[in-house]
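Enquirer: Sequential numbering of the sequence shown, starting at 6, is according to the numbering used here. Got a structure here, written out as C-alpha cells. Questions coming.
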Amino acid sequence: MADRRTFNVVILGVGFLFIFTAFTTCGNVEQTVVKSLQTDTFTGSGYHSLGIIYGVFSFSNLLAPTVVAVIGPKMTMFLSGLLYSGYIAVFIIPSTWSFYLTSVLIGIGAAMLWTAQGHFLVENSEASTINRNTGMFWALLQCSMLFGNLYIYFDWNGKTEVSDSSRKNIFLSLLVTSILGTLSFLVLRKSRHEDEMLSEEEGQALLSTPVMYKHRANTAMQDAKSEFKTILQLLKTKTILLLSPCMAYSGLELSFYSGVYGTCIGATTQFGEAAKGLIGISGIVVGIGEIVGGGLFGLLCKNNRFRRTSVVFLGMVVHFVAVYLIFLNIPDDAPVVFSTTTQHKPYLTPSVSIALLCSFLLGLGDSCFNTQLYSILGCVYAGQSTPAFAIFKFIQSVFAAVAFFYSGYLLLKWQLLLMVTLGFSGTLCFFVVERMQNFLVDLQEY
C-alpha cells in the first residue's frame, strides 16, 4: 500500500511537471508572442487572456469540489489536462475567439485540477508522510519553470522577432509536453480510500451506475453548501480580514513575475538581439528563486511561528529592492508597447545582470509570502483549513486577474507603486495577525 501511494505521488508530480512546463512557459511568453503575430485578424491580448484565466479560476473554485466528489480526482485531473492542452494548441493556429474561449475553459480546468490535486495528495498520504509527499510534489512542480524557459532561451536568443515557424515549433513542443502530462494521470492507481468507497457503494444493494453517481452528487452538494457557509463565516473574522491585503499582494506580484516582467525584458530596446532570449532565462531564474525560497522557508521554518514575521519581512525587503532596481533598469513603457520595442529610456543603462537579479529576487520574495501565508492559515484554521485556503486562492486569483487587465495600460512605474503600497500594508497586517496569535498562545499558557 505504501509503495502504491508513493508511486501515485510521484506520477502526480510528474504529470504536473509536464503540464506546467507547458503552461508556465506559455504564460511567460504569450504577450510577446501575441505582439509578434503578423496578422490583422487576431486582436487578442496575452494580458487579457491571463486575466480571464485567473478571474474564472477564482470563482470556479466554489464549484470544483462538487465535480471532484462526483467523478473522482483522477478523471477530473485528466479532463482538466485536456483543457490545458487545448489552450496551448490555440497558439499554433491562433484566432481571437478560440484564444478567449480556451482562456475561460482553462480557468475552469485550473480550479478542478488544483482541487483534485489536493484531494488526491491527501488520499495518498498519512500523518507521517504528508510533509514528505508535499515536498516531493512541490519540488517536481517548481522544476516546471526551468525546462520550457530553457527551450525559449535557446530558440529565441539572437532573434529580434518571433517568426511564425518558430512560434509553431515552440507550441507544438509544449502541446506534446502537456498531453504527456495529461496522459500520465491515467496511470494513477486507486487509493485505499477509493477502494473502500467503491466496496461500500457496491454493498448498497448493488446500486446502478446512475444511482451511484446521483448519490455522490447529492452528498457533494450538501458538503459544498456546508463549506460555502463556512467560507462566508470565515470572511467575517478579524484574522481573514487582516490577512486579505497580504493575500491580495500575492496576487499582484504573481501576475507581475509570471507574465509582465518577462514581457518587459523582451521589449527593452537596449538589450538588442538578446532581449527575446532573456525572457526564457528570466523565467528560469524566477524558478530558482522559488525553489531556494521554498526549500529554506517552507521546510526549515515551518514549525516555528516566531520566524513567520521574519520571513515575511525578508520577502517585503527583497521585493522592494527588486522593484527599485526594476524601476531604474527597465524602460517605463515596457509593459504597454505593442507593435514596437520601448521608446523611453530608464534611469540606468539597462543591465542584463540587474534584470536577472531582479528575476531571482521576485521568485525568492514570492516564496517568502506564499509559504508563510500557508503556514499561518494552517496554524490558525487547523480544523477549517480547506475553506481558509479556498479564501486565500480566491483573493489571490481575483487580484492577479485585475493586475493582468491593467498591465497593458499602466506604465511600469505605476504598476510598481501599486505593488509597493499593497505589499507594505499587507506586511503590516500580517505582523498584526502574528502578534494576535502569539498573544492568544501566551494567554492559554498562562
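We treat Cβ as the ideally placed atom computed from N, Cα and C, and that holds for glycine. Treat the numbers as computed from the prediction; the structure is a model and nothing was measured.
For LEU87, tell me which candidate among GLY267, SER63 and THR187 has the shortest Cα-Cα distance.
Expert: Considering only alpha carbons, the answer is THR187.
Enquirer: Quick check on ILE456: buried or exposed, where buried means 16 or more other Cβ atoms within 10 Å of its Cβ?
Expert: Nothing can be reported for residue 456: it is not among the residues displayed for the chain, which extend from 6 to 451.
Enquirer: Excluding the 5 residues flanking SER63 on each side, which residues of the same chain have their C-beta closer than 6 Å to its C-beta?
Expert: Excluding positions up to five away in sequence, the list reads PHE399, SER402 and VAL403.
Enquirer: Can you tell me whether TYR414 is buried or exposed? The criterion is at least 16 other CB atoms within 10 Å of its CB, across all chains shown.
Expert: So TYR414 ends up on the exposed side.
Enquirer: To the nearest angstrom, how far is the alpha carbon of ARG310 from that of GLY112?
Expert: Note that ARG310 has pLDDT 47, beneath the 50 cutoff, so the model's placement of it is unreliable and the number below is only indicative. Whole-angstrom Cα-Cα distance: 34 Å.
Enquirer: Could you check where the alpha helix (DSSP H) with VAL316 kicks off and where it finishes?
Expert: Where VAL316 is concerned, the enclosing alpha helix (DSSP H) stretches over 313 to 334.
Enquirer: Let me know the secondary structure DSSP gives ARG172 once reduced to three states.
Expert: Looking at ARG172 - three-state DSSP - the assignment turns out to be helix.
Enquirer: In the structure shown, what three-state DSSP assignment does THR26 receive?
Expert: Helix at THR26.
Enquirer: Cα-Cα, which of SER183, PRO355, GLY383 and SER100 is closest to THR29?
Expert: It is SER183.
Enquirer: Quick one, are the C-beta atoms of VAL14 and LEU185 less than 9 Å apart?
Expert: No, Cβ-Cβ distance for VAL14 and LEU185 is not below 9 Å.
Enquirer: Is DSSP giving PHE47 helix, strand or coil here?
Expert: The answer is coil: DSSP assigns PHE47 none of H, G, I, E or B.
Enquirer: Please classify ILE98 as buried or exposed, where buried requires at least 16 neighbouring CB atoms within 10 angstroms.
Expert: ILE98 is exposed by the Cβ-count criterion.
Enquirer: By Cβ distance below 7 Å, which residues in the same chain neighbour VAL328 in space, the five residues on each side in sequence not counted?
Expert: Taken in chain order, the residues that qualify are LEU421, MET424 and VAL425.
Enquirer: Assuming ASN66 contacts ALA121 (C-beta within less than 8 Å), just tell me the rounded distance between them.
Expert: 12 Å between Cβ atoms; not a contact.
Enquirer: For the 8 Å Cβ check, are there 3 or more pairs between the stretch 286 to 301 and the stretch 134 to 151?
Expert: Taking 8 Å as the limit for Cβ pairs, the verdict is that the stretch 134 to 151 does touch the stretch 286 to 301.
Enquirer: Tell me whether the beta-carbon of LEU248 lies closer than 9 Å to the beta-carbon of LEU382.
Expert: Yes; because the gap between Cβ atoms is below 9 Å, this pair is in contact.
Enquirer: By alpha-carbon positions, which one of PHE436, LEU22, SER50 and LEU193 ends up nearest to VAL341?
Expert: It is SER50 whose Cα lies nearest to the Cα of VAL341.
Enquirer: Considering only C-alpha positions, which residue in the set ASN33, GLY431 and ILE16 is nearest to GLN377?
Expert: Of ASN33, GLY431 and ILE16, the residue nearest in Cα terms is GLY431.
Enquirer: Under three-state DSSP, which class holds PHE365?
Expert: Of the three classes helix, strand and coil, the one that applies to PHE365 here is helix, per DSSP.
Enquirer: Per the contact definition of three or more C-beta pairs closer than 8 Å, is the stretch 263 to 279 in contact with the stretch 385 to 394?
Expert: No: fewer than three Cβ pairs fall under 8 Å.
Enquirer: For GLN348, which three-state DSSP category applies?
Expert: Here GLN348 sits in coil by DSSP.
Enquirer: Quick check on the DSSP output: the alpha helix (DSSP H) that includes LYS243 runs from which residue to which?
Expert: Its alpha helix (DSSP H) spans residues 243 to 260.
Enquirer: Using beta-carbon positions only, say whether LEU106 and TYR262 come within less than 9 Å of one another.
Expert: Not closer than 9 Å, so no.
Enquirer: Which of helix, strand or coil does DSSP assign to ALA339?
Expert: Three-state result, ALA339: coil.
Enquirer: Does DSSP put LYS281 in a helix, in a strand, or in coil?
Expert: In the structure shown, LYS281 sits in a helix (DSSP, three-state: H, G or I).
Enquirer: Could you check the C-alpha separation between LEU211 and PHE233 for me, to the nearest Å?
Expert: Only weak support is given to the placement of LEU211: the predicted model assigns it a pLDDT of 49, under 50, and the value that follows is read from those uncertain coordinates. Between LEU211 and PHE233, the C-alpha separation is close to 32 Å.
Enquirer: Taking just the CA atoms, how far does GLY267 sit from ILE57?
Expert: Between ILE57 and GLY267, the C-alpha separation is close to 19 Å.
Enquirer: If you measure between the beta carbons of TYR156 and LEU283, is that distance less than 9 Å?
Expert: Against a cut-off of 9 Å, the Cβ pair of LEU283 and TYR156 comes out as no contact.
Enquirer: Using a 10 Å radius around the Cβ and a threshold of 16 neighbouring Cβ atoms, would you call LYS79 buried or exposed?
Expert: Result: buried.
Enquirer: Report all residues from its chain with a CB closer than 6 Å to the CB of VAL265; omit the five preceding and five following residues, and keep chain order.
Expert: The answer, listed in chain order, is PRO340 and SER412.
Enquirer: Out of curiosity, what's the CA-to-CA distance linking SER100 and SER41?
Expert: Near 14 Å, if we compare the C-alpha coordinates of SER41 and SER100.
Enquirer: Classify GLY32 as buried or exposed, calling it buried when 16 or more other Cβ atoms lie within 10 Å of its own Cβ.
Expert: The residue in question, GLY32, is buried, as its Cβ has 16 or more Cβ neighbours within 10 Å.
Enquirer: Quick one: residues in its chain with C-beta nearer than 7 Å to the C-beta of GLU166, no 5 flanking neighbours on either side, listed in chain order?
Expert: Contacts found: SER41.
Enquirer: CB-CB under 6 Å to THR48, same chain, minus the five flanking residues each way: which ones, in chain order?
Expert: Only THR101 meet the Cβ criterion.
Enquirer: Can you give me the C-alpha to C-alpha distance between ASN407 and ASP8, rounded to a whole angstrom?
Expert: One point to set straight first is that residue 407 is Val, not Asn, in the sequence displayed. Computed Cα separation, rounded: 44 Å.
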